[in-house]
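Q: Quick one: the structure is below, questions incoming.
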Amino acid sequence: MTDRLGELSAAGVAIWLDDLSRTRLSSGGLDQLRREKHLVGVTSNPTIFAKALSDADEYNWQLKDLAIRGVDFEESVRMITTYDVRWACDVMRPAYDASAGVDGRVSIEVDPRLAHETEKTVAEAGALWWLIDRPNLFIKIPATKAGLPAITATLAQGISVNVTLIFGLDRYSEVMEAFLAGLEQAKANGHDLSKIGSVASFFVSRVDTEVDKRLEKIGSDQAKALRGKAAIANAKLAYERYGKVFGSDRWQALADAGAHPQRPLWASTSTKNPDYRDVIYVEELIAPGTVNTMPESVIHAFADHGETRGDTITGSYDEARKVFADLEAVGVDMSDVIATLEREGVEKFEASWLELLDGVKKSLAEAAKGAGKPGQAAKGSARAAEQAGGNA
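Residue numbering for the sequence shown follows full-length UniProt numbering, starting at 1 and increasing by one per position.
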């Protein structure tokens, strides 16, 4: 049988999973993907955690333990999510070691309500880094205006960062500048640059969703012919900018000091429109030094019928620019598209975080009512510690 995921990995694409739950951890499913599907990383976000907690009973023992100790619901969310991420870091540690610290990373996001507050974001990033205490952790910081200096300040402390919610090219350039500045400060602060990692999560399918909606509204044949083209063109032009920045003398000075480049990570790669090929955002975005974080369904789909046709990005930049020119010609304002997506991205993650908080608050109340059996929470804690290899 053709090892399609192996071919994708050999082409320079790091395969990451865009999902995390305690059920996936306790069942061994995550480790199985690592061993059998070339998985070398994991991303999480507030939406993923909200779904995980709403679907599984695996959290009941910890909720009961937290209720007995009277931990408030916001701190309980921190305890629950960091537990899962710490466990996942341990599962992915072999990939981290095998790649000399480049892969094997697991991401956790700062509270999205802090997206427009620089100092609080930096403080939260430091707290999560200290609390999880794993070298293969990524702290996710959104690429908002306030997030940019937070990215620099966090990297300067020697903390690895996954920059999330990048939609536009100009903002991506600002993200790379924040990364370079952060590493330069980290070097000045005496940190080992070889231990600091970073990816820039450039969102893909959401761009097509927003642009296609506008094209449908315009309604002309020329407009409809451009459906499904904006997201890939946007990502390809981002990779062009990546090549220029990480081919510069400024970057070379950091690389000579042991730094790893901030790889572009293609996020939101599940196909939202059923008319499009289900692995289009993987097949059309293959290039060396990239990451593609996929839902498990996309990983299995690519394993079944995905095609690796070599580098599908490099050399296609003029074609991508033409797509942008054609979009402008029919009346699509890409700057407004990007601004809309960034605003909605922060709002959606904040809404998911509030949903998560509300769910945990209700679960704590229910757990408190049933916490009367002596030793039950302690037994659950011991069982979970055993499952997680003693890392509870």
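Every residue gets a Cβ at the ideal spot worked out from N, C-alpha and C, and that includes glycine. Small disclaimer: the values here were computed from a predicted structure and weren't measured.
Assuming I108 contacts S44 (C-beta within less than 8 Å), just tell me the rounded distance between them.
A: As a position in the sequence shown, residue 108 is number 108, starting the count at 1. As a position in the sequence shown, residue 44 is number 44, starting the count at 1. Rounded, the Cβ-Cβ distance is 6 Å, consistent with contact.
Q: Report the CB separation of E119 from L148 in whole angstroms; it is logged as a contact under 8 Å.
A: Here the question's residue 119 lines up with position 119 in the sequence shown. Here the question's residue 148 lines up with position 148 in the sequence shown. So it is not a contact: roughly 13 Å between Cβ atoms.
Q: Is it buried or exposed for H260, if we count other Cβ within 10 angstroms and need 16 for buried?
A: By one-based count along the sequence shown, residue 260 stands at place 260. With 16 or more other Cβ atoms within 10 Å, it is buried.
Q: Identify every residue that forms a DSSP beta bridge with G197.
A: As a position in the sequence shown, residue 197 is number 197, starting the count at 1. According to DSSP, which records beta bridges pairwise, G197 is partnered with nothing at all.
Q: Does the pairing of the segment 163 to 177 with the segment 69 to 77 give three or more beta-carbon distances under 8 Å?
A: Result no; under three Cβ-Cβ pairs closer than 8 Å.
Q: Please classify E342 as buried or exposed, where buried requires at least 16 neighbouring CB atoms within 10 angstroms.
A: Translated into positions along the sequence shown, residue 342 becomes position 342. Label assigned to E342: buried.
Q: In angstroms, rounded to a whole number, what distance separates the CA positions of D326 and K348?
A: For the purposes of this step, residue 326 is identified with residue 326 of the sequence shown, where counting begins at 1. For the purposes of this step, residue 348 is identified with residue 348 of the sequence shown, where counting begins at 1. Each residue's Cα considered, the two are about 30 Å apart.
Q: Given that a residue counts as buried once 16 or more other Cβ atoms are within 10 Å of its Cβ, and exposed if not, what is T2?
A: Along the sequence shown, read from residue 1 onward, the residue named residue 2 stands at position 2. Exposed: under 16 other Cβ atoms inside 10 Å.
Q: Once you ignore the five residues that flank A181 on each side, which residues in its own chain have a CB closer than 6 Å to its CB?
A: For the purposes of this step, residue 181 is taken as the residue at position 181 of the sequence shown. Taken in chain order, the residues that qualify are T152.
Q: Under the rule that 16 or more other beta-carbon atoms within 10 Å means buried, what is A382, buried or exposed?
A: What you label residue 382 is simply residue 382 of the sequence shown in a count that begins at 1. Residue placement at A382 is flagged as unreliable, the pLDDT there being 43, under the threshold of 50; a coordinate-derived value is accordingly withheld.
Q: Per the contact definition of three or more C-beta pairs closer than 8 Å, is the segment 118 to 133 in contact with the segment 209 to 227?
A: no
Q: Taking the alpha-carbon positions, what's the Q62 to I80 distance?
A: On the sequence shown, residue 62 is found 62 positions in, with the first residue counted as 1. On the sequence shown, residue 80 is found 80 positions in, with the first residue counted as 1. Whole-angstrom Cα-Cα distance: 7 Å.
Q: When the Cα atoms are used, what is the spatial distance from V102 to W266?
A: Looking up residue 102 in the sequence shown gives position 102. Looking up residue 266 in the sequence shown gives position 266. Computed Cα separation, rounded: 16 Å.
Q: If I follow the unbroken alpha helix (DSSP H) through E119, where does it start and stop?
A: Sequence index remark: in the sequence shown, residue 119 carries index 119 (1-based). Where E119 is concerned, the enclosing alpha helix (DSSP H) stretches over T118 to I132.
Q: Distance check for W129 and D311, CA to CA, integer angstroms please.
A: One-based indexing of the sequence shown puts residue 311 at position 311. One-based indexing of the sequence shown puts residue 129 at position 129. Going by the C-alpha atoms only, they are around 35 Å apart.
Q: Express the C-alpha separation of E284 and K244 in angstroms, rounding to a whole number.
A: Here residue 244 corresponds to residue number 244 of the sequence shown, with the count starting at 1. Here residue 284 corresponds to residue number 284 of the sequence shown, with the count starting at 1. Rounded to whole angstroms, K244 to E284 spans 21 Å at the Cα level.
Q: Buried or exposed for H38, going by 16 or more other Cβ atoms inside 10 Å?
A: If you number the sequence shown from 1, residue 38 lands on position 38. Burial call: buried.
Q: On a Cα-Cα basis, can you pick out the residue from L114, V204 and L364 that is closest to V282?
A: Reading the sequence shown from its first residue, position 282 is the one you call residue 282. With distances taken between CA atoms, V282 lies nearest to V204 out of L114, V204 and L364.
Q: DSSP on S352, reduced to helix/strand/coil?
A: The residue given as residue 352 occupies position 352 in the sequence shown. S352: helix per DSSP, three-state reduction.
Q: Any idea what DSSP makes of G179, helix, strand or coil?
A: As a first step, residue 179 must be located in the sequence shown, where it is residue number 179. It is Phe, not Gly, that sits at residue 179 in the sequence shown. Secondary structure of F179 (DSSP, three-state): helix.
Q: Just mark Q222 as buried or exposed, buried being the case when its beta carbon has 16 or more other beta carbons within 10 Å.
A: By 1-based counting over the sequence shown, the position of residue 222 is 222. With fewer than 16 other Cβ atoms within 10 Å, it is exposed.
Q: Can you give the Cα-Cα distance for G12 and Y317, rounded to whole angstroms?
A: Here residue 12 refers to the residue found at position 12 when the sequence shown is read from its first residue. Here residue 317 refers to the residue found at position 317 when the sequence shown is read from its first residue. One C-alpha to the other measures close to 19 Å.
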